[in-house]
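*Asks:* This is the structure, below, for whatever I ask next.
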Ligand code: NAD
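As C-alpha cells, then:
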C-alpha cells in the first residue's frame, strides 16, 4: 500500500498556508491534483505558499473557518477535504481558551457541515496526541484516552466526537489522524508558541541557549512531516469500510527525551558549524498542560492504512536541519 498516490482529484486543504498544510499542498500538486487552500494567515505565512501561486492547478481562498460562508465557498466542487486549520499550541490554549475553542471547535463544525452539504468523498482531519491526556500507558493506543490536560486537548477530543457523530448520522466518510509532535520544513521557529524542534535549531544556529521546560526527561514521539503527508494520502485512498470513520496515531513509533533531542541536534548541527558543540541548554519551570511522556503505537495505522514511517527521527532531523540551514542563511 505504501507510496500509493492520490491523483487527479480536487482537494481542499484548510490551513494550507501553515506548516503541515503547505507540505500537503506541495505533495498534492506534485501528484497532479487540483488544490484549493483556505487560510486566514493567523499563524500561517504567505511565504509558505508563494511557490504555488503561479501553479495553474492551485487556488488560494482567503477566509476564516469560523465563518460558514467561507467554508461553503472553499469546499465547492471539492472531492477530498484535508482539514488542518486550527490554533495549535497547548500554552496558547491555556492562555486563551476561548479563541482556541472558536477556531478549533466552531470552525471544525462549520467545515464538517459544509463538507457534508457538498457531499465530499471524504473528510480527513488533524487530531492530536494531546487527546491522550493523563493516561500513563505507553505506547499510546487509539482506544485508551485519559482526562485531557489542556483546552487544546479538549478541542481535539470534541473534533473526534463530531466526526464520529456526523459519519453515523449523515454518512459522511471521515478519518482522524492523531499527529504526534510533527517537525520539518516551513515550521515557524519564532514566537512564544513555536514548537521545540524549529526553535532549538534556529537558536543553536545563532549560538543561543535553548530553553528546556522541566528536567528534559519528558519524552515525545517526534514525527517528520513526510510521514504525516504519507498518512494523509493513505487515509484518502483506503477503501475498506472498517478502516473509515475512525482515528489513527500518526507517529514514528520512537521515544526521545528532550535532553536526547538536544544532543542529537547539536551533533547534527556541528556538521555545519563545530562551535555549536559548546552551546548548553537552559532549564525552566515545566509548562502547565504538557503531557509527561508521549510515544505512539502505530500498529493500527500499519494494519488498516498500510502506513509505515518513511523517515525515522534522525533521518527526519537531518533533512529538516539542511532545510533550515539554507533557509535561515538566506535571511542573514
Ligand atoms: P500551523 O499553525 O502552522 O497551521 C495552521 C494553519 O491554520 C495556519 O496557516 C493558520 O493561519 C490557519 N488557521 C488558523 N485559524 C484559522 C481560521 N480561523 N480560518 C482559516 N485558517 C486558519 O500549525 P500546524 O502545525 O501546521 O498544524 C496543522 C494541524 O495539525 C492543526 O490542526 C494542529 O492542531 C494539528 N497538529 C499539529 C501538530 C504539530 O506537531 N505541528 C501536532 C498535532 C496536531
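Residue numbers (our numbering): 1 to 332. Idealized CB from N, CA, C, for every residue including glycine.
#1: Counting pairs of beta carbons, one from the region 156–168 and one from the region 230–248, are three or more of them closer than 8 Å?
#2: Once you ignore the five residues that flank residue 5 on each side, which residues in its own chain have a CB closer than 6 Å to its CB?
#3: Quick check: the region 254–265 against the region 221–228, are at least 3 beta-carbon pairs closer than 8 Å?
#4: If you draw a straight line from the C-alpha of residue 36 to the C-alpha of residue 9, how long is it?
#5: Please name the residue or residues paired with residue 176 in a DSSP beta bridge.
#6: At which residues does the beta strand (DSSP E) containing residue 83 begin and terminate?
#7: Which complete alpha helix (DSSP H) runs does the region 272–313 hold, if anything under 4 residues is left out?
#8: Just the C-alpha distance for residue 83 and residue 321, rounded to the nearest angstrom, thanks.
#9: Closer than 7 Å to a non-hydrogen atom of the ligand NAD - does that hold for the CB of residue 66?
#10: Ends of the beta strand (DSSP E) at residue 71?
#11: Per DSSP, what kind of secondary structure is residue 193 in: helix, strand or coil?
#12: In angstroms with no decimal places, state the Cα-to-Cα distance between residue 132 and residue 150.
#13: What does the alpha-carbon distance come out to for the pair residue 291 and residue 22?
#14: Residue 34 by DSSP, collapsed to three states: which one?
#15: The beta strand (DSSP E) that contains residue 62, what's its start and end?
#16: Below 8 Å, can you find three or more Cβ-Cβ pairs linking the region 186–193 to the region 117–124?
#17: Which of the three DSSP states is assigned to residue 101 in this structure?
#18: Considering Cα atoms alone, identify which of 208, 80, 128, 108 is closest to residue 90.
*Replies:* Taking the geometry as given:
#1: Of all C-beta pairs linking the region 156–168 to the region 230–248, three or more are shorter than 8 Å, placing the two stretches in contact.
#2: 31
#3: yes
#4: 11 Å
#5: DSSP, once it has assigned bridges, lists 125, 247 as partnering residue 176.
#6: 80–83
#7: Taken in chain order, the complete alpha helix (DSSP H) segments of 4 or more residues contained in the region 272–313 are 299–305.
#8: Each residue's alpha carbon lies about 27 Å from the other.
#9: yes
#10: Residue 71 -> not in any beta strand (DSSP E); alpha helix (DSSP H) instead, spanning 68–75.
#11: Three-state result, residue 193: coil.
#12: The alpha-carbon atoms of residue 132 and residue 150 are separated by roughly 11 Å.
#13: 27 Å
#14: strand
#15: 58–62
#16: no
#17: helix
#18: 128
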